[in-house]
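Residue numbering for the sequence shown follows this note's numbering, starting at 73 and increasing by one per position. Glycine included, each C-beta is placed from N, C-alpha and C at the ideal position.
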Amino acid sequence: MALSMRDEPGTQREFETIFILRPDTNQDGIHVVNTRVRQVIEQMGGRLLKLDNWGKRKLAYEVKKQLKGIYLYWQYLGTPGVVEEIERNLRMLDTVIRYYTVKIDEDVDPNVKPQAVDEEAFNKAATTVPDEEELVTGAAPMPRFEEDDLDIDDDFLPALDNDLPIKTKE
């Protein structure tokens, strides 16, 4: 891939891409799309900086007969042409209903930007929590928490003292 004459040697451009998947896409489907995008970035010499699954959200307007979608946020470094290749791949996937890319910066030294996406974070991005409507209507099970998951500081909670009189309205 030829570098643009306006790019400083040894630097890359920083991009953000948000794409929306069909709301019925399962974890395996999300993982397939994420894997394909990551492969394009890595094959073209780029680096993934951040990956986030924003969950299922209501769309502002109907897109491809869908009222909701699963939002995925990608932040990455790449050379010119990486965006075109990512978007070409996204167009070929039936689960992708919309995508948008913005150039954040250019002439970024790739050694300065830390790579914050390890294998665990990559796999976690394939998990989408149910949206509020599904939780309220009972279409999705309520998330279950273990006692260890709750981050409550015991010192913060007031101690219950049974000797205190209960005030009642007379």
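- The Cβ atoms of residue 136 and residue 128 do not sit closer than 8 Å to each other.
- Here the alpha carbons of residue 170 and residue 133 stand approximately 12 Å from one another.
- Annotation: the segment 101-170 contains the following complete segments of the beta strand (DSSP E) (minimum length 3 residues), in chain order: 119-135, 138-150.
- Counting along the chain, the unbroken beta strand (DSSP E) around residue 86 starts and ends at 84-93.
- Boundaries of the alpha helix (DSSP H) harbouring residue 192: 191-196, taken from the DSSP string.
- In this structure, residue 121 places its C-beta atom within 8 Å of the C-beta atom of residue 148.
- Less than 8 Å separates the beta-carbon of residue 112 from that of residue 161.
- A Cβ-Cβ contact shorter than 8 Å links residue 180 with residue 83.
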